[in-house]
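A.B. asks: In terms of full-length UniProt numbering, the sequence shown opens at residue 1 and continues consecutively.
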Amino acid sequence: MDKKIDTIISKLDTAAGMLIVAAMKDQTVKKAMRLISESSFELGNLIGGGEIEWEKIS
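(1) Measuring CB to CB, does Leu43 end up less than 9 Å from Ile5?
(2) For Met2, which three-state DSSP category applies?
(3) For Ile57, does the three-state DSSP call read helix, strand or coil?
(4) Looking only at its chain, what residues have a beta carbon closer than 6 Å to the beta carbon of Ser40, apart from the 5 residues adjacent to it on each side?
(5) If we count the other Cβ atoms within 10 Å of its Cβ and call it buried at 16 or more, is Met33 buried or exposed?
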């Protein structure tokens, strides 16, 4: 199960990276990229047992 989640996290991180340039010009893309990054981070926390509130680091 962890391997599958690692693969999903990797795909989310790749997608976020692909959106970096477009996010500089388009607020919708920027918001989408942030959601992807937050989701990836939270999936990682589920595996590792960590927990961070996004509002505190935004």
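No residue lacks a Cβ here, since even glycine has one placed at the ideal position from N, Cα and C.
C.D. replies: For this structure:
(1) yes
(2) Correcting the residue type first, residue 2 is Asp in the shown sequence and not Met. DSSP places Asp2 in helix when its eight states are reduced to three.
(3) In this prediction, Ile57 scores a pLDDT of 46, lower than 50, which makes its location untrustworthy; the coordinate-derived value is nonetheless stated afterwards. Three-state DSSP puts Ile57 in a helix.
(4) Ile9, Leu12, Asp13
(5) buried
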